[in-house]
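What follows is a set of notes on a single structure, which appears directly below.
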Amino acid sequence: MVNIKEVEAQEKKYQFNDFSNETALQLGAKLVQLASSRSNSVTIDITRARQQLFHAAMPGTAIDNDQWLKRKINTVYEFGTSSLRCQLDMEDRDQSLEDATLLDKHLFAAAGGAFPVNVKKTGFVGTIAVSGLASEEDHQLIIDCLEEFL
9 MVNIKEVEAQ EKKYQFNDFS NETALQLGAK LVQLASSRSN SVTIDITRAR
59 QQLFHAAMPG TAIDNDQWLK RKINTVYEFG TSSLRCQLDM EDRDQSLEDA
109 TLLDKHLFAA AGGAFPVNVK KTGFVGTIAV SGLASEEDHQ LIIDCLEEFL
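First residue of the sequence shown? That's 9 in our numbering, and the numbers climb one at a time after it.
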């Protein structure tokens with residue numbers, strides 16, 4: 009089980025020099041390749057400034073995965089941190105995201121699987137998101153991909 013300090017360290021470690029449409033396409037393809045090699049059935053979404061730059065729904069996924077992605081992505085845009093970090097923070101507080109922040113649970117989710125795209129010397133610019141596995145597994149798939157990609 010990962011803890012908040014580890015997730016914070018990941019957010020600092022995995023930063024891009026720049027983040028173009030081409031970067032998003034290459035990263036998305038790498039995520040699809042990694043998920044396929046593990047027989048993971050996931051939906052993947054990559055954004056910059058809320059514009060969707062990459063989306064892939066692998067066999068075995070459903071519209072429900074897209075709904076989870078939207079909620080997790082909204083959470084990252086709201087807080088500027090990974091959705092898993094938000095989940096762990098809510099667990100530490102023993103509160104739901106809705107109770108702690110008054111954010112609509114139909115629009116936001118404190119569940120792992122969306123990660124901020126941070127660009128060095130710029131900051132937060134977008135999201136990388138995965139849905140289809142358990143919360144921490146969605147997050148870890150992104151981390152494993154970033155470890156190879158960056």
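Here a beta-carbon is modelled for each residue, glycine too, at the ideal position from N, C-alpha and C.
For residue i, count neighbouring Cβ atoms within 10 angstroms of its own Cβ and tell me buried if that reaches 16, exposed if not.
i, result
"N25", "exposed"
"Q1", "Outside the shown range of the chain, which is 9 to 158, sits residue 1, and nothing can be said about it."
"T175", "Outside the modelled stretch of the chain, which goes from 9 to 158, sits residue 175, for which no answer is possible."
"D53", "buried"
"Q103", "exposed"
"Q34", "exposed"
"R79", "buried"
"A142", "exposed"
"L158", "exposed"
"Q110", "Note that residue 110 is Leu in the sequence shown, not Gln. It counts as exposed."
Report yes if the C-beta distance between residue i and residue j is below 7 angstroms; otherwise report no.
i, j, result
"C153", "K38", "yes"
"I81", "T135", "yes"
"F23", "I151", "Going by the sequence as given, residue 23 is Gln instead of Phe. Against a cut-off of 7 angstroms, the Cβ pair of I151 and Q23 comes out as no contact."
"L61", "N29", "yes"
"F116", "L105", "yes"
Considering residue i, what are the terminal residues of the beta strand (DSSP E) in which it resides?
i, result
"N126", "122-127"
"S139", "131-139"
"R56", "51-56"
Return the Cβ separation of residue i and residue j in integer angstroms, given the expectation that the two are a contact with Cβ distance under 8 angstroms.
i, j, result
"R56", "V138", "Actually they do not touch by this definition, with Cβ atoms about 17 angstroms apart."
"G120", "D100", "Between D100 and G120 the Cβ distance is about 14 angstroms, and since that is not below 8 angstroms, they are no contact."
"A118", "T83", "6 angstroms"
Locate the alpha helix (DSSP H) running through residue i, then write down its first and last residues.
i, result
"A64", "Here A64 belongs to no alpha helix (DSSP H); instead the beta strand (DSSP E) covers 59-65."
"H114", "Counting along the chain, H114 falls outside any alpha helix (DSSP H), and DSSP gives it neither H nor E."
"Q75", "71-87"
"M98", "91-101"
I'd like to know if residue i contacts chain D, where contact means its C-beta is closer than 7 angstroms to some C-beta of that chain.
i, result
"V84", "Of the chains in the structure shown, none is chain D; there is only one protein chain."
Does the pairing of the stretch 82-97 with the stretch 41-51 give three or more beta-carbon distances under 8 angstroms? no
Assess contact between the stretch 69-76 and the stretch 94-109, defined as three or more Cβ pairs (one per stretch) separated by less than 8 angstroms. Is contact present? no
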